[in-house]
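Notes to accompany the following structure.
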Amino acid sequence: MRALERGDSIYGLTTGLGAAVDTRLSTEAIPAFQARAIRARAVGVGAPLTSEAVRALLFARLVSICHGASGLSPALAQTIVAMLNAGLHPVVRGIGSLGEADLSPLAQAFLPLIGAGEAEFGGQVLPGGEAMAAAGIALPELGPKDGLALLNANSQSVGLAALAMDAVIKALQAGVAAGALSLEAFRANLSPLDTDLATMRAMPAHGVGVDRLRTLLAGSDLFEAGTARRGQDPLSFRCLAPVAGHATRAVEAARAAVEAELASVCDSPAVMVSRDTMLSSVNFDTTELALTLEAAGLALSHLATTSAARIIKLMSPAISDLPRFLTRHGGSHSGFATSQKTVAALEAEIRHLALPLGAMTLSVADGVEDYAPMTPAIVEKTHAIAKRLTRLAAIELVVAAEAVDLRDAITLGRGTAAAHRFVRHNVARLDDDRPMGREYEALALAIEAGGLVLADVTAPAGSVA
Numbered sequence: 000m001r002a003l004e005r006g007d008s009i010y011g012l013t014t015g016l017g018a019a020v021d022t023r024l025s026t027e028a029i030p031a032f033q034a035r036a037i038r039a040r041a042v043g044v045g046a047p048l049t050s051e052a053v054r055a056l057l058f059a060r061l062v063s064i065c066h067g068a069s070g071l072s073p074a075l076a077q078t079i080v081a082m083l084n085a086g087l088h089p090v091v092r093g094i095g096s097l098g099e100a101d102l103s104p105l106a107q108a109f110l111p112l113i114g115a116g117e118a119e120f121g122g123q124v125l126p127g128g129e130a131m132a133a134a135g136i137a138l139p140e141l142g143p144k145d146g147l148a149l150l151n152a153n154s155q156s157v158g159l160a161a162l163a164m165d166a167v168i169k170a171l172q173a174g175v176a177a178g179a180l181s182l183e184a185f186r187a188n189l190s191p192l193d194t195d196l197a198t199m200r201a202m203p204a205h206g207v208g209v210d211r212l213r214t215l216l217a218g219s220d221l222f223e224a225g226t227a228r229r230g231q232d233p234l235s236f237r238c239l240a241p242v243a244g245h246a247t248r249a250v251e252a253a254r255a256a257v258e259a260e261l262a263s264v265c266d267s268p269a270v271m272v273s274r275d276t277m278l279s280s281v282n283f284d285t286t287e288l289a290l291t292l293e294a295a296g297l298a299l300s301h302l303a304t305t306s307a308a309r310i311i312k313l314m315s316p317a318i319s320d321l322p323r324f325l326t327r328h329g330g331s332h333s334g335f336a337t338s339q340k341t342v343a344a345l346e347a348e349i350r351h352l353a354l355p356l357g358a359m360t361l362s363v364a365d366g367v368e369d370y371a372p373m374t375p376a377i378v379e380k381t382h383a384i385a386k387r388l389t390r391l392a393a394i395e396l397v398v399a400a401e402a403v404d405l406r407d408a409i410t411l412g413r414g415t416a417a418a419h420r421f422v423r424h425n426v427a428r429l430d431d432d433r434p435m436g437r438e439y440e441a442l443a444l445a446i447e448a449g450g451l452v453l454a455d456v457t458a459p460a461g462s463v464a
């Protein structure tokens, strides 16, 4: 209010937005302008976001508002809290933001606050005003900066990135566990996991992968001399440590970027209370988030390629010394043969999704907005990579467990034994041919629900007859 009284020129408060920054607003025009700013930017298309995604978006915006630099009227923050608590979810169509402030999705999310748009409440999609009334939430009165304060943030990118990271972390855990179980099933040579060898190489990710695999394999008889079948295994087995280690570090970097964004003030202009001023910022820029997610997706695609190769090789008697397609019944049964097609499809899609999207190349807003990191689309494809990697890991877990069960008595490591038990709790051994797709999907859903618990690997190693 003091900035208004002084007649300061403040973007979005006393001026128009975007290319209209050169337009000075009269004091009388400001309230109506704030509501128009919301309506005009609700231009999203495509399928509506899920309720979970909308809640993540609203929560991310609320967290940033609570830093006190947005200039938002407190009543509007309370309204957002009331929407979350009531389970009122605005209809938000996800295509329309380029990653330099998620104006379109946020505008759609806050249309109900001005009695417009649509929202889901009580299992029904209602006009925004009706949904608010049904939830018992009064429409707030917009203050002089409220429209811009609601919109000028990266809450779609950050909120949905948090959901994506949960899926990515679970996919990575399952992928590494599946690879470790494949090492057991293949009876691989574990000399590449020697800690002295890892120390000789000044690549931190390599050591991370070695440590992670040694933890999963602790107690395995593969560490005993003369247990490995070959002197040198295919690279998809031998190189699992550096590939998994780099994926781990890339995912950790992406997670750190998401957490930093959640802890940040993203408003522009930002209210600097201690200095009694408002400053234009670029705190809404999400370039670092976009690029760390791209790096994580690319690293996961390498893990996916090694997974697909291991699955195929476990089914090949010339390489694995196991029955073809892991069936004990010979050519009269298909075993896991046709699962190779699903594996190939998943790996190809992951590799395609991991291709970098790059920055925006089309200048918009009359040339004012000539760069954007395309973060919402990168978040979406990162989540899609995680979903596919989880299903690929589910298949490798099932195939590796079957291969383990076809071996003579072996002793698994503590972590790999836990992975084997997880598989057998959800999927029976393959004797007669049966439709495995639904079982792979069920196992993937169990992974996504947090069912693959490998953190406690202190139990005795597992023996498999």
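So in numbering that gives the first Met the number 0, spot 69 of the sequence shown is number 68, and the numbers just go up one at a time. By construction, the Cβ of each residue, glycine as well, lies at the ideal position given by its N, Cα and C atoms.
For residue i, the nearest candidate out of the options (CA to CA)
i: Arg186; options: Leu171, Thr226, Met435, Leu102; result: Thr226
i: Val272; options: Ala41, Ala68, Gln33; result: Ala68
i: Asp210; options: Leu141, Arg437, Gly414; result: Gly414
i: Thr304; options: Leu391, Ser333, Glu99; result: Leu391
i: Ala317; options: Pro372, Leu278, Arg228; result: Arg228
i: Leu48; options: Gly70, His88, Cys65, Asp165; result: His88
i: Val452; options: Val422, Leu239, Ile94; result: Val422
i: Asp320; options: Ala269, Ala170, Asp407, Val378; result: Asp407
i: Leu189; options: Ala176, Arg437, Leu212, Met277; result: Leu212
i: His419; options: Tyr439, Leu396, Lys380, Arg437; result: Leu396
i: Ser280; options: Asn151, Gly146, Pro104; result: Asn151
i: Ala364; options: Arg35, Leu102, Leu180, Leu297; result: Leu102
i: Ser219; options: Leu180, Glu251, Asp195, Met131; result: Leu180
i: Ser362; options: Leu71, Glu99, Val53, Ala52; result: Glu99
i: Gly158; options: His205, Ser267, Ala108; result: Ala108
i: Gln339; options: Leu325, Gly329, Gly330, Leu57; result: Leu325
i: Ala399; options: Glu379, Thr374, Leu313; result: Leu313
Cutoff 6 Å; reference residue i; Cβ partners in own chain excluding five residues on either side
i: Leu469; result: Past the edges of the chain, shown from 0 to 464, lies residue 469, and the structure says nothing about it.
i: Pro459; result: With a pLDDT of only 47 at Pro459, under 50, the local geometry of the prediction cannot be trusted, and the value read off the model is given with reservation. So the list is empty, once near-sequence residues are dropped.
i: Ala492; result: Residue coverage of the chain in this structure runs from 0 to 464, which leaves residue 492 outside it and unanswerable.
Span of the beta strand (DSSP E) around residue i
i: Ala46; result: 44-47
i: Pro126; result: 123-126
i: Arg420; result: Run containing Arg420: none in the beta strand (DSSP E); it sits in the alpha helix (DSSP H), 413-425.
i: Ile311; result: Run containing Ile311: none in the beta strand (DSSP E); it sits in the alpha helix (DSSP H), 286-313.
i: Ile94; result: 92-94
Alpha helix (DSSP H) segment containing residue i, residue limits
i: Val378; result: 374-405
i: Met271; result: Element bounds for Met271: not the alpha helix (DSSP H) but the beta strand (DSSP E), 269-271.
i: Phe109; result: 102-109
i: Gly436; result: 436-447
i: Met202; result: Segment: none, Met202 is in no alpha helix (DSSP H) and carries neither H nor E.
i: His351; result: 338-352
i: Pro322; result: Looking at the DSSP string, Pro322 is not in any alpha helix (DSSP H), and its letter there is neither H nor E.
i: Ser181; result: 154-185
i: Ala134; result: Element bounds for Ala134: n/a, residue is neither H nor E.
i: Asp145; result: 145-150
Span separating the alpha-carbon of residue i from that of residue j
i: Asp369; j: Arg200; result: 43 Å
i: Ser306; j: Leu182; result: 11 Å
i: Gly366; j: Ser63; result: 28 Å
i: Pro322; j: Leu216; result: 25 Å
i: Phe335; j: Asp193; result: 33 Å
i: His301; j: Asn153; result: 29 Å
i: Ala243; j: Arg237; result: 11 Å
i: Asp284; j: Cys265; result: 8 Å
i: Asn352; j: Gly142; result: The displayed chain sequence assigns Leu, not Asn, to residue 352. Near 43 Å, if we compare the C-alpha coordinates of Gly142 and Leu352.
i: Gly43; j: Arg92; result: 5 Å
i: Ala358; j: Glu293; result: 12 Å
i: Asp430; j: Arg254; result: 41 Å
i: Lys386; j: Arg274; result: 47 Å
i: Tyr439; j: Pro241; result: 27 Å
i: Pro434; j: Ala343; result: 18 Å
i: Ala448; j: Ile168; result: 12 Å
i: Ala197; j: Pro203; result: 9 Å
i: His66; j: Ser333; result: 60 Å
i: Gly330; j: Gln231; result: 30 Å
i: Lys144; j: Ala74; result: 13 Å
i: Asn425; j: Ala445; result: 8 Å
Bridge partners - residue i, DSSP secondary structure assignment
i: Met277; result: Val270
i: Val363; result: Glu368
i: Phe236; result: None; Phe236 has no bridge partner.
i: Phe120; result: Gln123
i: Ala99; result: Checking the sequence shown, residue 99 turns out to be Glu, not Ala. DSSP output for Glu99 lists Asp284 as bridge partner(s).
i: His88; result: Glu119
Cβ-based neighbour list, residue i, same chain, cut-off 8 Å, excluding 5 preceding and 5 following
i: Val80; result: Leu61
i: Ala161; result: Ala55, Ala59, Val257, Leu261
i: Phe222; result: Leu189, Leu216
Contacts around residue i, its chain only, beta-carbon distance under 7 Å, and the 5 residues preceding and following it disregarded
i: Ala36; result: Leu16, Gly146, Leu147, Leu150
i: Arg428; result: Glu401, Asp404
i: Thr78; result: Leu112, Ile136, Pro139
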